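Enquirer: Residue numbers (the numbering used here), protein chains in the order written: chain R, 129 to 648; chain Y, 156 to 591.
One structure, as structure tokens, below. Some questions next.
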Amino acid sequence: MAAAASAASGPRRGRRWWWQNRRARLLCMLALTFLFFVVEVVVSRVTASLAMLSDSFHMLSDVMALVVALVAVRFAQRTRATKKNTFGWVRAEVMGALVNAVFLTALCFTILLEAIERFTEPHEIQQPLVVIAVGVAGLVVNLLGLCLFNHHGVGGHGHAHGHGHSHGGGRHPRLGGGAKPEQPPGDGEAALHREETSTLVENCSSSNGVSQEKLGDMKDDTTDLQVNGNAGHYPLDVEEVEEDSSAQLNMRGVFLHVFGDALGSVIVVVNALLFYGLWNPCPKDGPCINPCVNNHCMENATLAPTLGRANTSEQESVTVAGPCWLLYLDPVLCLIMVCILLYTTYPLLRESALILLQTVPKQIDVHSLNSKLRTLEGVEAVHELHIWQLAGSRIIGTAHIKCPDPSTYMMVAKRIKEIFHDEGIHATTIQPEFASVGSESGRGKCEFPCRTQCALKQCCGTVEDSTGKKTEKSSSLSISCSEVVIEFPHNKTRRTKSESVPSVKLEANTDQNEQFESSL
Amino acid sequence: MGRYSGKTCRLIFMLVLTAGFFVAELVSGYLGNSIALVSDSFNMLSDLISLCVGLSTGRIARRSRRGPRATYGYSRAEAVGALSNAVFLTALCFTISVEALLRLARPERIDDAELVLIVGALGLAVNLVGLLVFQDWAACCRRRPTPAPPPAAAAAPTGGAPEPRDAADRAGESPNDQKSPEEGSERKVEKKSEALNIRGVLLHVMGDALGSVVVVVAATIFHVLPLGPNAPCNWQCYIDPSLTIIMVVIILSSAFPLIKETSIILLQMVPKGVNMQLLTDRLARVPGVSSLHEVHVWELAGGKNIATLHVKCQTPTDYQDAAYKIRKVFHEAGIHSVTIQPEYIDHKTSHLLCSSPCISKACDSQLCCSQQEAPLAKSNGYTEKNDSCLSALHKDNGSSKSDIEIPIECALTENSVKDEKNCEVSDKSQLSSTRF
């Protein structure tokens, strides 16, 4: 295990270079794209090509997408809690991904409209050679960008997700090993942890001898889990070093933009090549029939007498402009490109939206988690179980656990945390609630809701019981929240469920104006 | 949902009207060679899309309840929908401004001014109807009849200003009166989340209306002062694109505040009405609480604020006493869903600031907020004795509120002294602090 950790950690310098690489890549691509945009604008002015000018603005949209991604990356590096954001700004990358995905969808929409416009009014390409040249240059730039971001684009599907935590300790080998560059003193770590559990044991086992074996089991398990970790100090670039799945989402957004642009360049080049090769243009002088373009203006008027004359005498010298289907190639290709882009953007959009909606991550089954928690000995009920993903692999959980008394809770607390840990949820807030004596029916009710009139302002203040396992705080008026004050006797006697609790004292709340009433 | 049953017909009507008009505008825009009309028709289409997005997210948010896939329900869908609409609008503004710039570079004339004028005016009428429809819809939420005007609810904040003491006094009223605060607060909560969603759609409609105005103005000028068929473009040709650019600026200036507001929700930021400094100070003053850490406050959606925190107490009795008071502090700040994790200190671990949240330190990278700080040479020196004062410690120049150590008994004037000392976190004690 120690070997695995050392092998996975690698040189610290390598990690830092890689992190810088993400931002550096974005900056590099940004500079390149902007430069190319300027070049295209200049060339379009020189050649007076409107099509190229409008194409250059696609590059500008690329620049905007890169700016959004950069801003998100800058924000997301601040993972510390601040006054404005108690979670830090890790989520910024997910939001950047969503913004880029929506932006790309909007651009697809406008491209679609342009294509429809081209169907009704087909344009000829005026100077195909110049267009080919600039198109190829743009394609090169875009291919370079694709290579820069390719790592994220291809492997972006749920990479850092679903790592079930086996007790073998092989969890997150890349993250676990890579983020802790220093060699873990594996034995020392395990020893420390054993010391921790033994502390627990000596304080709790005296109160309840039942759990001794449990703790013994836990010791071994957690020792295994510890080995991959690191007891040493963590350098400040821990967060920066990891390529979290949120960062991948962000890069995926950029990749899709660049990919769309590359497709656009391909279409431009193909179209221009075909045009150059196959199009039979109208010569500048001499009569010319252009059956494809219906200019709703003068040409019809002038063509008719021309046609009349042509039919009689000058049949051979009238040129007919080249195959008309060439003019429709551009919009058709654009339509195909739009379909491809939408198809590839939709998963990104969906994924980032689901994270922002605070849904349960894909790999976690709330039902099984709930049942695991409830089958723990000492746990009477579980409610207000919330699991959501902050960003990347940071999954947060909260739960209210109902136990008969505090000492039972102390015994199971570690098990509860372990269950969460096994699912990959490491940031948990567990609120223990102790059942009021004699209220068997109140098992499912939360002991500490806010006042009744706040029920609708609570996160989940509805009456419905969706799963049947979690009972909600009812918004009806009949709730009476019992405040139970349990006094511990000075000698920590054993307290099991079967025992009566003679020393429990229930105090009425002094402030009668509050909604809470105490009951025995 | 039943609440909005009367409006569905209106919305469908709006959808059909907008769709039909989009087609009409598109055709006449091409016939009349007016870029403004064409872009206006695209605005109509984007209007349709934003309407669909807004409606569908609204329905998702209202209909779905908590389930195994989303433990908080989908009430945030409206914020996501509003953000999508705002970003969509921004992208459209970008493309419209690009086209306007191209037109400025190469001006073209409007050929069939009368047609464009007529269609533009009709489009403006449709947009105004749309604005009225949505204003009515939004206003209708406010005007839902309630049994008695709830004074408590009127004072009840949506963002979380401290609940006035009146609510506490009124809490002793008869049960009949308590229906109204619930409904009133429900109304406010609904209205706020509705507002975000509707604002996204309204923004599109407003942008649309402005576009129609530009079209009408440009077409009027061309109608009144017609250009000859072969005359070069004069100043008239520049009216259209320049007005379009002004319109883009106006739309963007109203889209960005919406983006900011949805970002506050989606990035889990502290909601607007909550002052973290004040809140943590008040929490620190609750008797029985030795220290707090991992204080997180965020807004779920529509005024529902949620908080979680870890408190360190000396004994379980302290915790029981403190729990209620902690909730009261949060309640006054407008945060009604609180989850408190108690942790108990004993002599070995009393000076700890952070306890190891997960079972092993290897998980640190996956915690919501890293517990690790740079190793600190000096100890904080305040801790071990029970009598001595623990002054308020802040990490990171006071920018982090996640860990605060507070005095047990001493004067809280030291809270105002923001010490930049960080706590010493020794590995050993950190590991051994995971007892509850």
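All residues carry an ideal CB built from backbone N, CA and C; glycine is no exception.
Quantities reported herein were computed from a predicted structural model and do not represent experimental measurements.
Does DSSP classify residue 515 (chain R) as helix, strand or coil?
Expert: Looking at residue 515 (chain R) - three-state DSSP - the assignment turns out to be strand.
Enquirer: Counting only Cβ-Cβ distances shorter than 7 Å, please list the residues of the segment 452-486 of chain R near chain Y, keeping chain order.
Expert: Correct list: 481, 484, 485 and 486.
Enquirer: Measure the alpha-carbon distance for residue 405 (chain Y) versus residue 473 (chain Y) and round it to whole angstroms.
Expert: About 57 Å.
Enquirer: Just the C-alpha distance for residue 361 (chain Y) and residue 197 (chain Y), rounded to the nearest angstrom, thanks.
Expert: Using only the alpha carbons, I get a separation of about 14 Å.
Enquirer: Taking the C-alpha atoms as reference points, what is the distance between residue 508 (chain R) and residue 387 (chain R)?
Expert: C-alpha separation (whole angstroms): 54 Å.
Enquirer: According to DSSP, is residue 485 (chain R) part of a helix, a strand, or is it coil?
Expert: Here residue 485 (chain R) sits in coil by DSSP.
Enquirer: Cutting at 7 Å between CB atoms, please list the residues of its own chain near residue 392 (chain Y), excluding the five before and the five after it.
Expert: Hits under 7 Å: 262, 263 and 264.
Enquirer: Taking residue 159 (chain R) as the reference, which of R:556, R:195, R:182 and R:407 has the closest Cα?
Expert: Among R:556, R:195, R:182 and R:407, the Cα nearest to that of residue 159 (chain R) is on R:195.
Enquirer: Would a C-beta distance cut-off of 8 Å place residue 372 (chain R) and residue 216 (chain R) closer than the cut-off?
Expert: Not a contact, by the Cβ cut-off of 8 Å.
Enquirer: Can you name, in chain order, every residue of its own chain whose Cβ lies under 6 Å from the Cβ of residue 201 (chain Y), other than the five neighbours on each side?
Expert: Answer for residue 201 (chain Y): 247, listed in chain order.
Enquirer: Would you say residue 290 (chain Y) faces chain R, with C-beta separation under 8 Å as the test?
Expert: Not one chain R Cβ lies under 8 Å of residue 290 (chain Y).
Enquirer: Could you tell me if residue 173 (chain Y) is buried or exposed, where buried requires 16 or more neighbouring beta carbons within 10 angstroms of its beta carbon?
Expert: Classification of residue 173 (chain Y): buried, given that the 10 Å Cβ count is 16 or more.
Enquirer: Determine the contact status of residue 495 (chain R) and residue 471 (chain Y), defining contact as a CB-CB distance below 8 Å.
Expert: No; because the gap between Cβ atoms is not below 8 Å, this pair is not in contact.
Enquirer: Is it buried or exposed, residue 432 (chain Y), if we count other Cβ atoms within 10 angstroms and call 16 or more buried?
Expert: Residue 432 (chain Y) is exposed by the Cβ-count criterion.
Enquirer: Would residue 408 (chain Y) be called buried (16 or more neighbouring beta carbons within 10 Å of its own) or exposed?
Expert: When all chains shown are included, residue 408 (chain Y) counts as exposed.
Enquirer: Alpha carbon to alpha carbon, how far is residue 213 (chain Y) from residue 473 (chain R)?
Expert: Going by the C-alpha atoms only, they are around 23 Å apart.
Enquirer: Is residue 500 (chain R) helix, strand or coil when you go by DSSP?
Expert: The answer is helix: DSSP assigns residue 500 (chain R) an H, G or I state.
Enquirer: Taking the C-alpha atoms as reference points, what is the distance between residue 436 (chain Y) and residue 420 (chain Y)?
Expert: Looking at the two C-alpha atoms, the distance is approximately 24 Å.
Enquirer: Would you say residue 205 (chain Y) faces chain R, with C-beta separation under 8 Å as the test?
Expert: So, not an interface residue.
Enquirer: Give the residues of chain R in contact with residue 437 (chain Y), contact being defined as C-beta atoms less than 9 Å apart.
Expert: What residue 437 (chain Y) touches in chain R: nothing, since even the nearest Cβ is about 15 Å away.
Enquirer: Looking at C-alpha atoms only, which residue of Y:235, Y:192 and Y:226 is the closest neighbour of residue 211 (chain Y)?
Expert: Residue 211 (chain Y) has its Cα closest to that of Y:235, out of Y:235, Y:192 and Y:226.
Enquirer: Within the 8 Å Cβ cut-off, does residue 200 (chain R) reach chain Y?
Expert: It does not; no Cβ of chain Y falls within 8 Å.
Enquirer: Should residue 453 (chain Y) be labelled buried (16 or more other beta-carbon atoms within 10 Å of its own) or exposed?
Expert: Burial call: buried.
Enquirer: Name the residue from R:544, R:220, R:191 and R:551 whose alpha carbon lies nearest to the alpha carbon of residue 200 (chain R).
Expert: Minimum Cα distance to residue 200 (chain R) is reached at R:220.
Enquirer: Residue 267 (chain R): beta carbon under 7 Å from a heavy atom of the ligand ADP?
Expert: The model on display carries no ligand, and the ligand ADP is accordingly not part of it.
Enquirer: Quick one, which residues of the segment 177-198 of chain R are near chain Y if we go by CB-CB under 8 Å, in chain order?
Expert: Answer in chain order: 178, 181, 182, 185, 188, 189 and 192.
Enquirer: Rounded to the nearest angstrom, what separates residue 548 (chain R) and residue 377 (chain R) at their Cα positions?
Expert: One C-alpha to the other measures close to 25 Å.
Enquirer: Tell me whether residue 516 (chain R) is buried or exposed, calling it buried when 16 or more other Cβ atoms sit within 10 Å of its Cβ.
Expert: Under this definition residue 516 (chain R) is a buried residue.
Enquirer: For the beta strand (DSSP E) that residue 496 (chain Y) lies in, which residues bound it at each end?
Expert: Where residue 496 (chain Y) is concerned, the enclosing beta strand (DSSP E) stretches over 492-499.
Enquirer: Against chain Y, with Cβ distances strictly below 8 Å, would residue 234 (chain R) count as a contact?
Expert: It does: the Cβ of residue 234 (chain R) has a partner Cβ on chain Y nearer than 8 Å.
Enquirer: Run through chain R and tell me which residues come within less than 9 Å of residue 354 (chain Y), C-beta to C-beta.
Expert: Within chain R, no residue comes near residue 354 (chain Y); the closest Cβ sits about 16 Å away, beyond 9 Å.
Enquirer: If you reduce the DSSP assignment to three classes, tell me which class residue 451 (chain Y) lands in.
Expert: In this structure, residue 451 (chain Y) counts as strand in the three-state DSSP scheme.
Enquirer: Check each candidate in R:463, R:545 and R:478 and name the one with the smallest Cα separation from residue 498 (chain R).
Expert: Looking at the Cα atoms, R:545 is the closest of the given residues.
Enquirer: Measuring only the C-alpha atoms, how far is residue 489 (chain R) from residue 232 (chain Y)?
Expert: About 16 Å.
Enquirer: How would you write the range of the alpha helix (DSSP H) that residue 534 (chain R) sits in, first residue to last?
Expert: Residues 534-551.
Enquirer: If we ignore side chains and look at the alpha-carbon of each, how far apart do residue 487 (chain Y) and residue 504 (chain R) end up?
Expert: In a straight line, the C-alpha of residue 487 (chain Y) is about 36 Å away from that of residue 504 (chain R).
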